[in-house]
Structures are given as C-alpha cells and as structure tokens.
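Q: Pasting a structure below so you can have a look.
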Amino acid sequence: MTTKEKKLPDSGTDLQGNVGRKLILFNDDVNTFDFVIETLIEVCGHNPHQAENCALIAHFKGKCSIKNGTLEELKPCYKAMVLKQLTVEIQ
Numbered sequence: 303m304t305t306k307e308k309k310l311p312d313s314g315t316d317l318q319g320n321v322g323r324k325l326i327l328f329n330d331d332v333n334t335f336d337f338v339i340e341t342l343i344e345v346c347g348h349n350p351h352q353a354e355n356c357a358l359i360a361h362f363k364g365k366c367s368i369k370n371g372t373l374e375e376l377k378p379c380y381k382a383m384v385l386k387q388l389t390v391e392i393q
C-alpha cells in the first residue's frame, strides 16, 4: 500500500482515539426535567436554554449528546452525572 492509499483517521480523532468523544445522556423515567436541567447547568456548564433542549431531546429521542471532547475532558462530567444517578455514557 502506498502512502496515498493509507486510510487516514477520521477528522476529529487522533491515532489513540482520544479526540472526538461524546458524553451521551440517556432518558430515564426516574429524574425530573428540572433535576436534569439543573445538573446539565451545574456539571456541563450549559446555559438554561441549552440544558432544557438537551433534556427534551433525551426525553423524546431516548438519548442526547451533551458534551464533546477528549476522554480526559469528559471523565469528570461523566463521574459527576453518575453520582447524580443520571444514565450517561462516553462514546
């Protein structure tokens, strides 16, 4: 395979796959909209409008990407969300 034929990583990813990760919030039937919105503002730094939109998307679509970044950037938010008993995943 020549250099021109080598497949390059997707934009937004590095060779270790550390860039371009997403923190995903999943819908649950336990937490209130207000609690989820307050948590998104507190933990992820969302403004109230953005937090409300994410809560609604998660409710109606089952999940919502709430933050992008490297694995190291997303881990603190992930841990804080889990401590608040929200269902989240880093993809």
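One rule links them: number in the numbering used here = place in the sequence shown (from 1) + 302.
Backbone N, C-alpha and C define an ideal beta-carbon position, used for all residues, glycine too.
1) Quick one: give me the first and last residue of the alpha helix (DSSP H) that L376 is part of.
2) Under the DSSP definition of a beta bridge, which residues are partnered with K365?
3) Got a sec? Which residues, its chain only, sit under 6 angstroms from A357 by beta carbon, not counting five neighbours each side?
4) At which residues does the alpha helix (DSSP H) containing L342 begin and terminate?
5) In the DSSP assignment, what are the bridge partners of N370?
6) I need the straight-line Cα distance from N349 to C379, nearest angstrom please.
A: The answer reads as follows:
1) 373-385
2) F328
3) F335, V338, I339
4) 335-346
5) K324
6) 15 angstroms
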